[in-house]
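Line by line, the protein sequences give chains A, B, C and D.
Using our numbering, read the first sequence as starting at 56 and increasing by one per residue.
Using our numbering, read the second sequence as starting at 56 and increasing by one per residue.
Using our numbering, read the third sequence as starting at 56 and increasing by one per residue.
Using our numbering, read the fourth sequence as starting at 56 and increasing by one per residue.
Number of protein chains: 4
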Amino acid sequence: MSNIAYFPAMPPREDNRPGKRERTKTANRQAILDAARQVFGELGYDGATVRDIIRLTGLASGTFYNYYKSKEEVFDALADDGARRFRPLLRVEFEKATDFASFLRGAMRAYFDFLAAEHETWRVNRPAGEAHPTVRSTPEVTAVFAEVREAFERVLEREHAPPVDLDYLTAACIAVAREVGDKMLERRPMDTEGATAFAVGLILGGLPALPRP
Amino acid sequence: MSNIAYFPAMPPREDNRPGKRERTKTANRQAILDAARQVFGELGYDGATVRDIIRLTGLASGTFYNYYKSKEEVFDALADDGARRFRPLLRVEFEKATDFASFLRGAMRAYFDFLAAEHETWRVNRPAGEAHPTVRSTPEVTAVFAEVREAFERVLEREHAPPVDLDYLTAACIAVAREVGDKMLERRPMDTEGATAFAVGLILGGLPALPRP
Amino acid sequence: MSNIAYFPAMPPREDNRPGKRERTKTANRQAILDAARQVFGELGYDGATVRDIIRLTGLASGTFYNYYKSKEEVFDALADDGARRFRPLLRVEFEKATDFASFLRGAMRAYFDFLAAEHETWRVNRPAGEAHPTVRSTPEVTAVFAEVREAFERVLEREHAPPVDLDYLTAACIAVAREVGDKMLERRPMDTEGATAFAVGLILGGLPALPRP
Amino acid sequence: MSNIAYFPAMPPREDNRPGKRERTKTANRQAILDAARQVFGELGYDGATVRDIIRLTGLASGTFYNYYKSKEEVFDALADDGARRFRPLLRVEFEKATDFASFLRGAMRAYFDFLAAEHETWRVNRPAGEAHPTVRSTPEVTAVFAEVREAFERVLEREHAPPVDLDYLTAACIAVAREVGDKMLERRPMDTEGATAFAVGLILGGLPALPRP
DNA sequence: AATGAATGAGTATTCATTCAT
DNA sequence: GATGAATGAATACTCATTCAT
Numbered sequence: 056m057s058n059i060a061y062f063p064a065m066p067p068r069e070d071n072r073p074g075k076r077e078r079t080k081t082a083n084r085q086a087i088l089d090a091a092r093q094v095f096g097e098l099g100y101d102g103a104t105v106r107d108i109i110r111l112t113g114l115a116s117g118t119f120y121n122y123y124k125s126k127e128e129v130f131d132a133l134a135d136d137g138a139r140r141f142r143p144l145l146r147v148e149f150e151k152a153t154d155f156a157s158f159l160r161g162a163m164r165a166y167f168d169f170l171a172a173e174h175e176t177w178r179v180n181r182p183a184g185e186a187h188p189t190v191r192s193t194p195e196v197t198a199v200f201a202e203v204r205e206a207f208e209r210v211l212e213r214e215h216a217p218p219v220d221l222d223y224l225t226a227a228c229i230a231v232a233r234e235v236g237d238k239m240l241e242r243r244p245m246d247t248e249g250a251t252a253f254a255v256g257l258i259l260g261g262l263p264a265l266p267r268p
Numbered sequence: 056m057s058n059i060a061y062f063p064a065m066p067p068r069e070d071n072r073p074g075k076r077e078r079t080k081t082a083n084r085q086a087i088l089d090a091a092r093q094v095f096g097e098l099g100y101d102g103a104t105v106r107d108i109i110r111l112t113g114l115a116s117g118t119f120y121n122y123y124k125s126k127e128e129v130f131d132a133l134a135d136d137g138a139r140r141f142r143p144l145l146r147v148e149f150e151k152a153t154d155f156a157s158f159l160r161g162a163m164r165a166y167f168d169f170l171a172a173e174h175e176t177w178r179v180n181r182p183a184g185e186a187h188p189t190v191r192s193t194p195e196v197t198a199v200f201a202e203v204r205e206a207f208e209r210v211l212e213r214e215h216a217p218p219v220d221l222d223y224l225t226a227a228c229i230a231v232a233r234e235v236g237d238k239m240l241e242r243r244p245m246d247t248e249g250a251t252a253f254a255v256g257l258i259l260g261g262l263p264a265l266p267r268p
Numbered sequence: 056m057s058n059i060a061y062f063p064a065m066p067p068r069e070d071n072r073p074g075k076r077e078r079t080k081t082a083n084r085q086a087i088l089d090a091a092r093q094v095f096g097e098l099g100y101d102g103a104t105v106r107d108i109i110r111l112t113g114l115a116s117g118t119f120y121n122y123y124k125s126k127e128e129v130f131d132a133l134a135d136d137g138a139r140r141f142r143p144l145l146r147v148e149f150e151k152a153t154d155f156a157s158f159l160r161g162a163m164r165a166y167f168d169f170l171a172a173e174h175e176t177w178r179v180n181r182p183a184g185e186a187h188p189t190v191r192s193t194p195e196v197t198a199v200f201a202e203v204r205e206a207f208e209r210v211l212e213r214e215h216a217p218p219v220d221l222d223y224l225t226a227a228c229i230a231v232a233r234e235v236g237d238k239m240l241e242r243r244p245m246d247t248e249g250a251t252a253f254a255v256g257l258i259l260g261g262l263p264a265l266p267r268p
Numbered sequence: 056m057s058n059i060a061y062f063p064a065m066p067p068r069e070d071n072r073p074g075k076r077e078r079t080k081t082a083n084r085q086a087i088l089d090a091a092r093q094v095f096g097e098l099g100y101d102g103a104t105v106r107d108i109i110r111l112t113g114l115a116s117g118t119f120y121n122y123y124k125s126k127e128e129v130f131d132a133l134a135d136d137g138a139r140r141f142r143p144l145l146r147v148e149f150e151k152a153t154d155f156a157s158f159l160r161g162a163m164r165a166y167f168d169f170l171a172a173e174h175e176t177w178r179v180n181r182p183a184g185e186a187h188p189t190v191r192s193t194p195e196v197t198a199v200f201a202e203v204r205e206a207f208e209r210v211l212e213r214e215h216a217p218p219v220d221l222d223y224l225t226a227a228c229i230a231v232a233r234e235v236g237d238k239m240l241e242r243r244p245m246d247t248e249g250a251t252a253f254a255v256g257l258i259l260g261g262l263p264a265l266p267r268p
């Protein structure tokens, strides 16, 4: 359903997860993180087992604990990782943007594009009662929230916009992105342009500004 | 974070949990449902154990299964219950409303009021990695979504509004309500009026229409 | 597999098990016994639940315990019942018989006929690891064993046959009846005559006396 | 009652159950198998709990599942194990035998000897309604049956014996072995020779060929 | 550091039996 | 006697984590 969860979880990238790989400590650490991202994405936090994760890395179960103290720790590390990778993207849009409208449009489009691209990786069989893992107040969500909030603040400042309730605005924008993104994923063909138009229209001008289909 | 989950979860009722055998069947059924609502709210679907639930009712563990076949079944029953109780509220607002704007304002206010009132029952310590239980495609969420969507459709028709992407609109409105509601809950004093103004402003007029604090 | 279990379980007879029936104490007692026979037959002792049994009678679960102290007690009562009903049959064959050979043939034929007739009632989905319930040293088995043993003894006496190890002989005959019966049940068409010929041939004359197919 | 069940269940081995973590994997596997054999033997399939089994091994409950996926799986493994160990025995007798009579005699004697030797391990207090576990169509029983059937077939072919109903014959022989074996176990002194003489006599010549006590 | 077997607390669920009505 | 809801002990199985090698 929701997907803000995955918002920051940008690229699982180099998906070469053969048995063992290079055996550098950092390589192992990254391998575990990547595997965790995939497994949590597919199964949710509770549904995922650390065996699921390490199976994907080809490492031994004990090895997991050389890198992360617990299941929860990887989960949080994942969150941080996501947030860290999301920041540059936001920054780019921020630099390119001339005003809030263009920033919002750029960020939304980037998000929906990412969502569409990563679609297969995520949204796999989510079991009964399992929501997305990162909907929770996790470093990740918090970080992304803060990130977006700050970008908003600076953009709005830059154009001397009248003050708004930034917390509400940020929360609302993220929520809209998430939900519209979810709906978009269910449609064929997947229309990221339409989703962007809708979300941006709503936030910038409300109901009257919505695209007419 | 999210709370649309709890949108429909109206009142957990009187918490008189007397003995065990003397309670009537309906009382027990309701007691279990109420306990389940609380426990799922606090611990999430996976975090909750049926022992947690029955402990709260004072019943024996086996008794639980006289009423619900499984943990999942209570969960779904809870969902239905929620949706069933939300419907009348929406209907009332629908009857009272003269147009989309007034309907939206009425529904939002009703939701935020409810949220504020039920505050204690919900939002207790959510553990690691646990998202809200009802974020999932549950009868509840589905039902509420459909409910809201239909109300929107009829209201917009009534006023001969130009067509919009109803799915996106519904999803976005629910998301905004949920997230703004969550933020509202974190503030003191709890300002349902402000939350309503914000959410309604955003949806009706976008950024420019937002209340200026 | 085995079926001596059912050997004595002659007729489940009057299979009218509507709700409640005549409500005589004896009627209820019999209803429970009949239901138990069927349920134990289908599910085995462990697989059967007393709820399964009482469901078949239309009585309330508590009522069961007005008639039998426990699940085990019905089981044993069933055994006794079976043995009690098997006795007359043996007696008839005993009266008709002129010698051991004719007695054996009569008894075997009676058994195989019964087995074939009752086939559907018994041998339903037996779950993993569940053998027939009555293979155990139950009053029933013991009683039938004693019954058959005595019949053998008297028949052999009557014809002044040389002494044999009666315990072994009885055990062997019952075993052969059971196993050949089981195999017979698996074949189509069901050939009770052939099974009788085989079992009788083996016991009376061994391998050389077996029917040549 | 029956004991063919135990026919193949050769030796429960040395009962040295030392620590836990130091034991080798194969040792643990075997320990579980041995414990399972004993527990199933004593309690039957349903009566046995996996806790009973692991208690006997001194291992932790989870360890059980490192070796066998379920209670049923040990049960089946036990069966396979039994069949695997029975095969050589039959083969030896087959090689030694010059005709069906000598083969039967050899096999029966081997079985009764084994039964007498293993007596203590098996046949402990069998609880209410519990039949032997292996009476069911288990790999073990099936395998042994097939084993015996084939041996019979080849032996009879070798001597150009007239055709018989092999299925019936095999079933009958196994049944006789099992039941006579059970009775034998109840007698003191335990007379394997007598049991062999009886079983072989019956099968080869029927009633007239039975040993006269 | 890596391994992977051992651990055991924890969970959902069943079911024989009791007992208030 | 009959009823059927309440009871709670008992069971199979999972999985995060530890630890000897």
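Positions of the beta carbon are idealized from the N, C-alpha and C atoms, including for glycine.
task: May I ask which residues mark the beginning and end of the alpha helix (DSSP H) holding V147(C)?
output: Start and end: 126 to 151.
query: Thinking C-beta only, is V129(D) closer than 9 Å to F119(D)?
result: yes
task: Could you work out which residue in L265(D), P263(D), A252(D) is closest to Y166(D) when comparing CA atoms only?
output: A252(D)
query: Shorter than 9 Å from the beta carbon of E234(C) to some beta carbon of chain D?
result: Taking a beta-carbon distance threshold of 9 Å, E234(C) counts as an interface residue toward chain D.
query: With I258(B) and L262(A) assumed to form a contact (beta carbons below 8 Å), what rounded beta-carbon distance in angstroms separates them?
result: 6 Å
Simplified DSSP state of V219(D), which is helix, strand or coil: coil
task: Please name the residues in the segment 242 to 253 of chain A whose beta-carbon is closer than 7 Å to at least one beta-carbon of chain B, in chain order.
output: F253
- request: With hydrogens ignored, establish whether the beta-carbon of T81(D) is closer than 8 Å to any heavy atom of the ligand ZN.
  value: Annotation note on the ligand ZN: not contained in the displayed structure, which lists no ligands.
As assigned by DSSP and simplified to three states, the class of L257(A): Helix.
field: Proximity test, Cβ basis, 9 Å: R84(A) and chain B
entry: No - not a single Cβ of chain B is within 9 Å of the one on R84(A).
query: Near S116(B), what residues of its chain come up, given a Cβ to Cβ distance below 6 Å and the 5 sequence neighbours on each side ignored?
result: I109
task: Report the residues of the segment 135 to 146 of chain C with a CB closer than 9 Å to any CB of chain D, ordered along the chain.
output: none
message: I want to see whether chain D comes within less than 9 Å of L88(C), judged by CB atoms only; does it?
response: Output row for L88(C): interface = no.
message: Just to confirm before moving on: does the CB-CB distance between A230(C) and V231(D) stay below 9 Å?
response: yes
message: Tell me the DSSP secondary structure of G113(B) in three-state form.
response: coil
query: Excluding five sequence neighbours on each side, which residues of the same chain lie with their C-beta closer than 8 Å to the C-beta of E202(B)?
result: A138, F141, R142, L145
message: Please identify the residue among A82(D), G236(D), V210(D) whose C-alpha is closest to the C-alpha of G113(D).
response: Taking only the C-alpha atoms, the option nearest G113(D) is A82(D).
field: Contact under 9 Å by Cβ, A206(D) with F149(D)
entry: yes
query: Just how far apart, CA to CA, sit R243(C) and A254(D)?
result: 30 Å
field: Identity of the residue in A216(A), Q85(A), D136(A) nearest V199(A) by Cα
entry: D136(A)
- request: From the DSSP output, in three-state form, read off T104(D) for me.
  value: coil
message: Judging by CA-CA distance, which residue of L221(A), T225(A), D246(A), L265(A) is the nearest neighbour of T225(B)?
response: Closest by alpha carbon: L265(A).
- request: Run the CB neighbour count on A172(B), radius 10 Å, all protein chains shown included, and call it buried at 16 or more, exposed below.
  value: By the 10 Å Cβ count, A172(B) comes out exposed.
query: Between A103(D) and R267(D), what straight-line distance do the alpha-carbon atoms span, to the nearest angstrom?
result: 42 Å
message: Which of the three DSSP states is assigned to T79(B) in this structure?
response: coil
field: Cβ shell of R106(A) (< 8 Å), same chain only, five flanking positions each side left out
entry: S116
- request: Answer with yes or no whether the minimum CB distance from D107(A) to chain B is below 9 Å.
  value: no
query: Helix, strand or coil: how does DSSP classify E234(A) here?
result: helix
query: In this structure, does DSSP put L265(B) in helix, strand or coil?
result: coil
- request: May I ask you to report which of helix, strand or coil DSSP gives M245(A)?
  value: coil
message: What would DSSP say about D89(B), mapped onto helix, strand or coil?
response: helix
message: Run through chain D and tell me which residues come within less than 9 Å of G117(C), C-beta to C-beta.
response: G117(C) does not reach chain D, its nearest Cβ partner there being about 22 Å away, counting only Cβ pairs nearer than 9 Å.
query: Roughly how many angstroms lie between the CA atoms of E234(D) and Y123(C), to the nearest whole one?
result: 32 Å
- request: Anything in chain B within Cβ reach of G96(A), meaning under 8 Å, just list it in chain order.
  value: Simply none; closest approach about 13 Å.
message: Please list, in chain order, the chain D residues whose beta carbon lies closer than 8 Å to that of K238(C).
response: D222, Y223, A226
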